[in-house]
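Comments concern the structure below.
Residue numbers (the numbering used here), protein chains in the order written: chain A, 231 to 723; chain B, 276 to 448; chain C, 787 to 908; chain D, 29 to 167.
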């Protein structure tokens with residue numbers, strides 16, 4: 231009985247747990263509820279992935295109303311891997327959160343911190359799994375509201391400013407998305423993504439459809455922090471509590487990328503988007519700009535979190551680059567890099583969380599000599615840093631390999647060259663951290679470091695090991711990504 | 276469509292006025308006008324929500340905030356050219372989009388015939404609820420309403436987290 | 787009278803566009819935080835008009851099934867806007883709460899004063 | 029606020045009708061315009077009006093913040109609960125058809141319960157935000 235209702239359960243369980251944590255206010259009990267809920271998610275999503283692998287697309291009508299009438303949950307080979315990714319990140323960050331939250335957030339507010347965290351998880355999963363355009367907006371709004379609150383809980387008073395700025399830009403993005411959905415609805419009359427695609431074929435006046443495409447792309451790329459619209463990201467990630475940053479960095483922007491892919495391929499259809507419209511050159515320009523400018527800015531950052539935030543913007547540039555090359559390998563490259571970047575960035579921010587817990591310092595200059603006092607954390611940091619650069623043997627290399635082959639297939643050798651040079655810039659800023667951490671005398675904050683709680687170190691190392699494991703045996707991630715790319719390119723089977 | 280022109284006038288005055296107190300009052304007038312336009316557009320449920328939520332609660336919240344913060348706005352510092360350009364650019368994209376849209380009051384567009392017609396037809400036999408909007412809101416697309424209630428829940432928890440004085444602990448400066 | 791007749795259908799959309807432009811302008815141009823939130827709600831309200839105006843059929847009645855009426859306006863956009871209004875209010879409430887906290891932490895809610903370099907990059 | 033007797037008397041006269049109107053809107057949602065959201069907001073408006081006229085202290089005695097803060101998750105719990113109920117009757121999530129003996133009554137029962145949940149959450153949230161703002165102001 232349970233298996234058939236898994237899609238609904240996957241989203242309802244975090245919301246239910248959020249309600250319970252809101253009722254029990256004090257920290258420990260709500261942490262336990264959050265912990266149990268978060269660890270049930272990967273179990274469910276793996277079961278769903280299994281179901282999807284052998285049965286093909288799963289469609290779950292909510293309230294038993296047939297899809298165009300009611301809302302439909304649709305799991306195909308594209309969103310199954312993402313579900314597993316977000317569930318695992320939620321579970322890992324939940325185990326990690328215990329001591330990091332007690333140190334960074336006021337004792338009386340911790341109970342509700344888990345509520346908001348669970349709501350954010352539920353919202354993201356809701357966006358991933360739904361097959362209905364407006365339902366995606368509702369759950370996108372839930373996860374965004376939860377994100378604004380998470381950021382505003384940061385210790386630094388500037389966290390409030392960052393949350394306010396993100397709120398304004400995020401709401402504009404969401405409203406533009408609603409305008410796009412409204413225009414499509416006015417033309418096709420239905421909200422179900424698959425149904426819209428069926429109806430779009432019959433439309434002859436293409437004007438509102440193109441306008442809808444433009445609005446949805448701009449709206450989602452605001453959420454995605456595509457290069458010119460990324461202004462909110464560095465402040466938001468720098469001042470948020472390190473637990474929130476770790477979770478958001480690896481999942482929030484990825485869900486927005488998934489939504490963009492879903493619209494480009496399933497709703498509008500690849501031919502309308504890529505052949506008739508100049509989407510590819512626009513995306514290429516923004517991606518290359520993101521890769522270079524964001525990496526260069528990252529090199530000069532004084533705060534380690536802001537540096538990682540700018541490197542996130544650069545990495546998203548890689549992903550949009552993969553989307554721009556709308557071939558099979560290009561898309562597979564984008565999807566693989568999505569999964570890999572989530573692992574790498576998750577490890578980096580978790581390691582930074584450990585450092586902040588121990589020494590409370592996140593300014594780069596007073597992190598000198600931390601390699602000696604906290605060898606294990608910094609080792610995990612370096613492993614993930616290598617992944618960022620794309621050193622062979624790490625996950626980064628796998629995705630860069632896909633992107634470069636895709637670029638060469640297209641005959642754009644200059645693009646492959648650009649990918650390599652921007653990776654070199656990544657070497658600069660990761661190297662800078664390594665140099666400060668190991669080849670300097672430990673400064674006063676660093677040497678004061680005490681014992682690091684086991685589960686934090688454990689989780690950081692599980693992530694670091696994942697970046698290596700999936701680098702060597704890439705069959706699992708690459709296999710899923712290319713399968714997803716096939717379904718996207720083939721449109722709806 | 277006199278109402279719509281009235282709304283346009285109210286919007287221009289909102290832009291120009293600098294005393295925040297009157298801006299809030301103007302925005303509640305704007306919501307009431309919006310509600311009356313909705314009645315003309317046969318959207319009775321939505322008009323009621325817009326009137327009670329848009330004009331009622333948001334004015335209370337804004338006045339509450341103004342009570343706690345300043346009520347006058349400073350002179351805008353930088354030149355308004357760039358923002359005007361951004362706003363008009365988006366507007367132009369929308370104007371481009373609306374030319375293909377079906378004209379105002381015609382009934383045979385896919386907008387009506389496709390899903391909405393099915394709701395109108397099946398609301399009574401399947402759910403027995405006369406007000407189709409409520410039947411769609413609660414049962415056909417009940418999951419959206421669950422999402423909506425969760426949005427309200429998140430906002431409630433978020434605001435309380437930010438503003439509520441917890442056990443007289445000092446605000447983190 | 788004829789020009790008004792064929793002008794009428796598009797008049798709705800032009801007003802929507804005007805409201806959207808003014809809403810966006812307030813958000814982008816004005817520095818005061820509360821003013822920005824008012825602009826944001828204006829911007830969202832214009833979207834409701836965009837959903838509603840195609841929904842009306844001249845001579846139709848609200849979608850409450852009754853004996854004597856045949857033509858009803860479409861119920862689906864009404865449901866969508868109900869959700870959108872609630873989402874708008876939730877964002878507004880959160881924005882206002884943030885403004886109050888920012889005013890306490892920084893003493894001012896003018897964006898230009900807050901984003902001076904010495905505050906954000908100290 | 030303490031001096032103006034006229035205001036206090038007129039509000040005393042108004043409040044019961046406003047609350048009645050809120051309940052009317054809530055339960056009349058099936059036949060006329062109205063539903064959980066509007067009813068929740070109107071109910072919250074009555075409490076806020078009471079607080080403005082008669083001051084915060086009596087209102088806090090009347091509707092203590094603890095009750096309001098538990099109302100917020102309670103409404104969502106009811107909604108999720110109704111969803112789980114449909115699991116027991118063997119259908120997909122949020123399907124009210126088998127809650128009662130036949131489909132029509134089942135749907136109406138489900139819709140009523142759901143609207144009730146919405147009413148509780150919405151009014152709880154609005155009053156809680158008002159308390160937070162007012163409480164902030166006093167210090």
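Glycine included, every Cβ here is placed at the ideal spot set by N, Cα and C. These numbers were taken from a predicted model, which means no experiment stands behind them.
> If you check the beta carbons only, do residue 809/C and residue 828/C fall under 8 Å apart?
Replying inline: yes
> Quick one: complete alpha helix (DSSP H) runs, 4+ long, within the segment 545-610 of chain A?
Replying inline: 558-589, 600-603
>> Please identify, using Cβ separations under 8 Å, the residues of the segment 86-100 of chain D that lie next to chain B, in order along the chain.
In response: 97, 100
> By Cβ distance, which residues of its chain are closer than 7 Å to residue 687/A, with the 5 residues on each side in sequence left out?
Replying inline: 584, 606, 607
> With DSSP run on the structure shown, which of helix, strand or coil describes residue 419/B?
Replying inline: helix
> Residues in its own chain within less than 6 Å of residue 717/A by CB, not counting five upstream and five downstream?
Replying inline: 306, 307, 308
>> Alpha carbons only, please: which of 454/A, 611/A, 534/A, 365/A is nearest the one belonging to residue 513/A?
In response: 454/A
> DSSP on residue 798/C, reduced to helix/strand/coil?
Replying inline: helix
>> I'd like to know if residue 426/B contacts chain D, where contact means its C-beta is closer than 8 Å to some C-beta of that chain.
In response: no
>> Between which residues of its own chain and residue 279/B is the CB-CB distance below 7 Å, once the five residues before and five after are set aside?
In response: 312
>> Determine whether the beta carbon atoms of residue 240/B and residue 365/A lie at a separation below 8 Å.
In response: In the structure as shown, chain B starts at 276 and stops at 448, and residue 240/B therefore has no counterpart that could be examined.
> Going by alpha carbons, who is nearest to residue 319/A out of 360/A, 269/A, 343/A, 379/A?
Replying inline: 269/A
>> If you reduce the DSSP assignment to three classes, tell me which class residue 406/B lands in.
In response: strand
>> Per the DSSP calculation, residue 304/A is bridged to which residue(s)?
In response: 289/A
>> Against chain F, which members of the segment 406-426 of chain B pass a CB distance test of less than 7 Å?
In response: Judged by its chain identifiers, the structure shown contains no chain F, and its protein chains are A, B, C and D.
>> Need the endpoints of the alpha helix (DSSP H) that residue 86/D sits in, please.
In response: 84-90
>> So, for residue 159/D: in the same chain, excluding its five sequence neighbours on each side, which residues have a beta-carbon less than 7 Å away from its beta-carbon?
In response: 93, 96
>> Please confirm whether residue 52/D has its beta-carbon closer than 8 Å to some beta-carbon of chain B.
In response: no
> Looking at residue 138/D and residue 414/B, is the spacing between their C-beta atoms short of 8 Å?
Replying inline: yes
> Hey, residue 579/A and residue 475/A: beta-carbon distance below 8 Å or not?
Replying inline: yes
> Which residues in chain B sit within 8 Å of residue 826/C, going by Cβ to Cβ distance?
Replying inline: Those within 8 Å of residue 826/C in chain B number zero; the least Cβ separation is about 11 Å.
> Taking Cβ positions only, does residue 822/C come closer than 8 Å to chain B?
Replying inline: no
> Which residues in chain A sit within 7 Å of residue 831/C, going by Cβ to Cβ distance?
Replying inline: The premise fails here: residue 831/C is roughly 10 Å from chain A at the closest Cβ pair, so nothing lies under 7 Å.
>> Does any residue of chain C have a CB that is nearer than 8 Å to the CB of residue 60/D?
In response: yes
> What do you reckon, are the CB atoms on residue 434/B and residue 865/C nearer than 8 Å?
Replying inline: no
> Helix or strand or just coil, what does DSSP make of residue 663/A?
Replying inline: helix
>> What would DSSP say about residue 254/A, mapped onto helix, strand or coil?
In response: coil
>> With the cut-off set at 8 Å, would you say residue 264/A and residue 326/A are in Cβ contact?
In response: no
>> Just to confirm, is the Cβ distance from residue 146/D to residue 425/B under 8 Å?
In response: no
>> Suppose you measure from the CA of residue 333/B to the CA of residue 303/B; what does that come to, to the nearest Å?
In response: 8 Å
> Can you name the residues of chain B whose CB is closer than 8 Å to the CB of residue 804/C?
Replying inline: 283, 286, 366
> Mind pulling the chain C residues with CB within less than 8 Å of residue 157/D?
Replying inline: 879, 883
>> On the CB-based measure, 16 or more other CB atoms within 10 Å of its CB, does residue 653/A come out buried or exposed?
In response: buried
> Roughly how many whole angstroms lie between the Cα atoms of residue 300/B and residue 287/B?
Replying inline: 14 Å
>> Beta-carbon within less than 6 Å of residue 712/A's beta-carbon, same chain only, minus the 5 sequence neighbours each way: which residues are those?
In response: 562
>> Within 10 Å of its beta-carbon, does residue 405/A have 16 or more other beta-carbons around it, so buried, or fewer, so exposed?
In response: buried
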